[in-house]
Structures are given as C-alpha cells and as structure tokens.
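Residue numbers (UniProt numbering), protein chains in the order written: chain A, 1 to 432; chain B, 1 to 356. We put the beta carbon where it would ideally sit given N, CA and C, even for glycine. From a predicted model like this one, the values you see are computed outputs, not experimental measurements. These notes concern the structure reproduced below.
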Ligand SMILES: Nc1ncnc2c1ncn2[C@@H]1O[C@H](COP(=O)(O)OP(=O)(O)OP(=O)(O)O)[C@@H](O)[C@H]1O
Ligand SMILES: [Mg+2]
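Now the structure itself:
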C-alpha cells in the first residue's frame, strides 16, 4: 500500500517525462511548488540576517541621502513659511485683476514681522522666477513700518511693481510647498508670466542638450570599449596561462594608477604641443599651424574615458569567455561551420552575459562620470555631472536645481536598467 | 585514412604521440583503447584538424589533409565532454550541422526527429542540454555527430556516462548505424569489453605508441607484448629466463627453478628475461592438467555461479588466478589444498619482461 502511494506521488522519471498533465504533488498530497517554497524559506531567512548589517549601512549612507535629495529638489518652503499671512489671504484670490485689500494688508504684516534674512530668502526665491522682484521686496520691507491703511494704495505707492498682476500670481503660485519648478528648469522649461509651462528661450537652454550629449557620448564610449575590449578578453581567455597573466596585469594596470595621473597623461599626449601632435608634425602629416585639437573637447573626453572604463568591459567578458570550453567552437567547426560562422553562432551568443554586464557597467559608470570630463572635456566635452557639480556650489535655488538634475540622471539610469533588463534579462548577466 | 609517421608534442619537450602509423579502411570500425593520458584524444584531434601533427602526415582518401581546415573535412565528432551548445535546445543542436549545410526546413525537421528517435530522446527536442542528465547529453552528442551522415565519425568515449543497460543498447545502436550507413568509425574507449564487442580492429595505446593493432580475437588470444596481455582481459604472469628457443617455442626456467615450455612471442633469445602470460581460463587444475604440470596451493575460492575463481600460489606467485568452469565435477577443491596445475604450451606466451 505504501508502495503505491509513493509511486503515485513520484515525478515521472526522466526518460518518460516530457508531456506532464496534472500539477504534481508530494507524497502527502501537497502541491510540489508549495512544498519547495517552504523548504527554501528558512535558508532565505538566514541569508537575510547575514546581509542585515550591509543593508543598514546602505540605508544610512545611500537610501536616505537619495530620498532627501529627491524631496529637497521639489521643496519650496520659503513663501509659505516666511509670508504666512499672505499665504493664507491669497488663497481666496482667483488670479484675475489685483488681489483685494486683505492680501495687501497681510503682506505688509508679513513684511513687518519678518526679519532681514527671512524676507531676503523670499526675495531671492521670487527673484529667481521674476527678475527685479528682490528689490521690490527688500525696498518695501524697509518701508513697511511706516505704511498706513489702506495698504493696497500704500504699497503700490511705495513701489509700483506691487500694482502688477504678475508678482501676485507668482506669489500665489509659490505658496505651494512642493514645486516642479526645478525640474522644469532642469529640462529647459519655465513658467511664463501667466503661469503656463513653456520652453525657455533657445539661448537659455542648456540642460537638455547636455543630457543628450552625456547619453550619446556614454553610448559611444561603451561601444568603443566593446570594440577594443572584446578581442583583448578573447586573447586573455585563450592564451596560455603564463602570457595571459602578463596581459592581465597590463589590463589591470590602469586600475592601479590614480585616475588623475592617467588623465594627466592623456593631456601630455594629446595637447596642442603634446606628444601626438609633435609626432604628426615631425612626420609632416600635419603642418605646424594645423595641429589637431584633441583635448579639452569631446575627443578628449571620449578618448580618456574609453581608456579608463576599458577594464570594466574586459573583466566580465574575460570571466565569461574563460568558462566557454574550446571544444564548443571545435564541435561547430567539425560540423561544417566556417570559423566565422562558428564564432557568430556559438561563441558570441555564449559571451552575451559578459558583454551585457560590461555594457551595463560601462554605460552606467560613464553616464555619471565627473572627473575626466572636468579635466579634459573643456567646454564642449562636459557631462551632466559637471553641470550638477557646478550648480551645487551656487545659491539655494541653484542647489535645488542641481538636486533636480541629479534626480533626473538617477531616473534616467533606472529607466536604462529597466529597459536593459527587459531586453537582455539582468539575471543572465555575469559580472565576474 | 592513414597516419604516416605522426608525432605530436604540445610543449616541445615530451612526445604525446610517438611515431604513429595507422591505416584505416573505409567502412571500418576501429577502436582506440588505452589508459588515461595515452594520447587517444590527441590522435582524434589531429584527425579532425584541431591540432596540427608536429611531424608526419595524415591522409584522407589518399589526400594529405594538413592544409584542409576542420570544417571542410566532413568528419562527425563526439567530444569527450559532449560539447553540446548550451544556448541551443537539443533540437537546435541537432539541426546545426544541417543548417550549416543549407538543408531545407522540412528535411532538417525530419532528420532531427529521426536522430532523436534513434537515441530514444523523442520529445526532448525542446530542452536545453543543461536540463538533461549526463547520459542523455551523451546520447544527444552521438546523435549530433551522425545526423549529417558524415563518412567518418570520431567518437571520444561516447558512452562513458551511461549505465550498463543503456550502454549496451547504445553500443548496439552505434554498431547498427555503422553497418547500415557504412560509415567509418574511429572510436575511443576505456572499456575493453566495449572495444572487443564492437570493433573490427582494436588499437591498444600506451604512452603514445600503438602496442598492438589487431582484430579483437587476436588481441585476446595472441597478445604481442606484456602490456597488451595485462591490459586486455585477466592475465597471470610468471617471470623467468629463456634457456632454449626452438621452432616457435621456448624453454623458460622460472625464478623458482622449474622449467616450462611456452610459445615464443616476444623474447630476445636465449638467456634473456621474459614474462609468461597465461589466461586464467586456460589453466587446468588436477587431472585435466596436461603439459607443463606445476605444483600449487589453493589460497582462496570464490564462487561466481558459472565459474569458480581460485587464487593459487604457483611458482612463487600468490596472485595466480584460475577460472574453473562450474560443470559440477570440481567439488573436490578446498582452500589450502595442494594441487597440480597445468596448461597447454600454445596458451602460454613468452613476452617481454616486466618488473614484479
Ligand atoms: N592541449 C594540451 N596541451 C598540453 N598537453 C596536453 C593537451 N592535451 C593533452 N595533453 C597531454 O597529452 C597527453 C595525452 O592526452 P590525451 O587527451 O590525448 O589522452 P587520452 O588518451 O585521451 O586520455 P583520456 O582517456 O584520459 O581521455 C596527456 O599527458 C595530456 O596531459
Ligand atoms: Mg581523451
């Protein structure tokens, strides 16, 4: 009896399998999938306990700062915080004509109540959107003490900008404590006088072009690392151990040299009277005035970054290629495939996990690269990170703009990762 | 197909294959048999064109083929590690050589199905090699080497991972295919039974040299040297010195002083050392012993059903094995008993001496 129960629950043996009908169960009638999951659960829990310290570390040094970055990039506390009465009074205004006396009165009250620094911050915030608003604010702040009701006339008399609709509309808009303004700016949009989202004037547009440049230059750099790295990785994987180790050291050498040293070396090589240009002139390939500009522009960034990121392509490729037995291409060839065909249909598909890992590593590293474009990129070869770093040191609103730019970059990377996962399947990747 | 004075060295220091001369007739089933590291795979690699011979030449249909790249040789091959393409399904693996040859879709499907049926893996066409057991993978590898009907198939231990029953069945299949298609098969194995049952001829390899190349029967009955005698089947050895040679036989004085007559196969002449080789089933105990009677003592008896295996001490050798057929007449044997053993002169081969 026990015998039949056991065989009834058994999985059909290998040779007979292949069709499979009803869902399988264990001997006591549990669905096989449920039983398997339960069996794996404890192992999973133990594993999680082991990674808990790292998880906490990442939470404090990585996750929390990123969340802060994202929240700060949409925060807009100045108006609501420092002009509380105005904020409350202006809520009822429908945005047509000028606001009523109550709003003006509240504004005067806020100007009186606020100190130099708080009103100063409000003024700065407004000035970022509406040039000239700072002097209006600061002037009226000094005069506010002496103003008498009716405050509408009094304020307008003090500075006729208060009689303009746009400053009030701006104030009403900025009473919201969350704002997309920095994101609009980061994508070269802005609010116009009427509060509509419009593209900034072409002469003021910077960020979209730099985002685009960052993306295509990173893609090009990734492509170049594949072009240069694939044959090297193949050589590494097939050479006898002794020479392979030597070559490996050469590949890793850049890792052991400071980034600054490597980048400076490129400057020495590529500058106008650098080694390469001198050589070209010496060989009469170019004449003395025709020296090629190869650094402090896009070429400089591309050359230096390709060099720096090359190991990140070679190493995952190498580790995958190392595991491909040479007998596979041999088998393909014995079956009549030309070397090229054997390579394309057998070898190459097997290297995709390493190739994809390399692409992911290099592209994501490249897209956020800072130091090399800063050193050798000049004006034209900058990446978005350089702009972010630059804005970071500016005023508060510049800082928030930097945070918005960084968040967009982060989202861009995540989208890339998602797309990549959809196309290649991240679970198939082999990083090393 | 022909190896002519082929030598091979990988590192320039040691010869892995030393002076290989081998003629393989069309349609022949030739097995390379030898211990691990004796250069069998290396020979196949040279044949298939993946390793150049260091010296000598290989001919295929009287054509020197060292300049012919592997994909033009049209040789089917089963690799020792199967070499199935992990990123393709079993079906795609089998279809590969057909696709390369530009066969039509319908023909490919038909041939793949037949090949799968041949190795009893119908219905597995959609699986990846990693989802198969070792034996199943091995069968796919065999099917793949045959699916494009090459004239010459090289098989490097194609059945090593199979259980006994499946192994015998596959041996039969391969033999069957060989006979039906008339393909030439060069087969490598560790398993001497497999070699003896399947082959037209067997080449026994050791240390990069073919020790003997003969039909299976001759290999067993007439080993040319001690290595072959040791390697193929069971074998008793007795060492001694040649005292007289005449007419294909010789007198050998064993180290214990007894003199016996043996067939002179591989000896240097009078006075040289030699090792006598005797098959356990060709030694008789008691009255059945005719020529060459010697004294011995039974140390151990093992009942094996159809035979009884007796371990004796004979002429100082305490590992002397005699297989006594169990025809119901040999109950008289007991452990510790002193007996007389004997054998026919033709069954005792005087071969090159080996230590111990
Ligand atoms: N690619 C190689 N480079 C250097 N030495 C090698 C190479 N391939 C094989 N050898 C050496 O050549 C000798 C013969 O190897 P081979 O693979 O031909 O043996 P084999 O008879 O097939 O053994 P097995 O039965 O274990 O497969 C071995 O000593 C091995 O170490
Ligand atoms: Mg081998």
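I need the straight-line Cα distance from residue 49(B) to residue 163(B), nearest angstrom please.
32 Å
Does the distance between the C-beta of residue 55(B) and the nearest non-hydrogen atom of ligand 1 fall short of 7 Å?
no
Verify the CB distance criterion: does residue 425(A) have a CB-CB separation below 8 Å to chain B?
no
Tell me, please, whether the CB atom of residue 75(B) is closer than 8 Å to any CB atom in chain A?
yes
Residue 422(A) to residue 407(A), Cα distance in whole Å?
22 Å
Per DSSP, residue 75(A) forms a beta bridge with which residues?
178(A)
Counting only beta-carbon separations shorter than 8 Å, does residue 412(A) have a partner in chain B?
no
Neighbour-count burial assignment, residue 72(B), 16 or more Cβ in a 10 Å radius:
exposed
Ends of the beta strand (DSSP E) at residue 155(B)?
152 to 156
For residue 141(A), write down the residues that DSSP places opposite it in a beta bridge.
Paired residues: none, contrary to the question.
Consider the Cβ of residue 331(A): report whether some Cβ of chain B lies at a distance smaller than 8 Å.
yes
Chain A contacts from the region 92 to 125 of chain B (Cβ-Cβ distance under 8 Å)
96, 97, 100, 101, 120, 123, 124
Residue 124(A) (DSSP reduced to helix, strand or coil):
helix
On the DSSP letters alone, give me the boundaries of the beta strand (DSSP E) that residue 19(B) sits inside.
17 to 23
Check residue 238(B) in the structure and name its three-state DSSP category.
strand
For residue 101(B) and residue 347(A), the rounded distance between their alpha carbons
19 Å
For residue 338(A) and chain B, any beta-carbon pair shorter than 8 Å?
yes
Closer than 7 Å to a non-hydrogen atom of ligand 2 - does that hold for the CB of residue 41(B)?
yes
Contact set for residue 291(B): own chain, Cβ-Cβ below 8 Å, skip 5 residues either direction
261, 342, 343, 344, 345
Between residue 62(A) and residue 68(A), what straight-line distance do the alpha-carbon atoms span, to the nearest angstrom?
10 Å
Taking the alpha carbon of residue 294(A) as the reference point, which residue from 416(A), 379(A), 414(A), 343(A) has its own alpha carbon closest?
379(A)
Which residue wins for smallest C-alpha separation from residue 207(A), given the options 223(A), 190(A), 194(A)?
190(A)
With a CB to CB cut of under 8 Å and the five nearest residues on each side skipped, what residues in its chain are close to residue 412(A)?
211, 215, 367
Taking residue 350(A) and residue 129(B) to be in contact with their CB atoms under 8 Å, please state how far apart those CB atoms are, rounded to whole angstroms.
Not a contact, Cβ separation roughly 12 Å.
Could you check if residue 172(B) is buried or exposed, using at least 16 other CB atoms within 10 Å of its CB as the buried criterion?
exposed
Of all the options 81(B), 47(B), 57(B), which has the alpha carbon lying nearest to the alpha carbon of residue 74(B)?
47(B)
Under 7 Å from the C-beta of residue 48(B): neighbouring residues of chain A
334
Any idea what DSSP makes of residue 421(A), helix, strand or coil?
helix
Among 105(B), 90(B), 189(B), 35(B), whose alpha-carbon lies nearest the alpha-carbon of residue 29(B)?
189(B)
Quick check on DSSP: helix, strand or coil for residue 161(B)?
coil
Any heavy atom of ligand 2 closer than 7 Å to the beta-carbon of residue 156(B)?
yes
Between residue 59(A) and residue 99(A), what straight-line distance do the alpha-carbon atoms span, to the nearest angstrom?
47 Å
I'd like to know whether the C-beta of residue 327(A) is nearer than 8 Å to at least one C-beta of chain B.
yes
Does DSSP put residue 287(A) in a helix, in a strand, or in coil?
coil
Using a Cβ-Cβ cutoff of less than 7 Å, which residues in the same chain neighbour residue 152(A) once the five nearest sequence positions on both sides are dropped?
101, 104
Per DSSP, which one or two residues make a beta bridge with residue 322(B)?
310(B)
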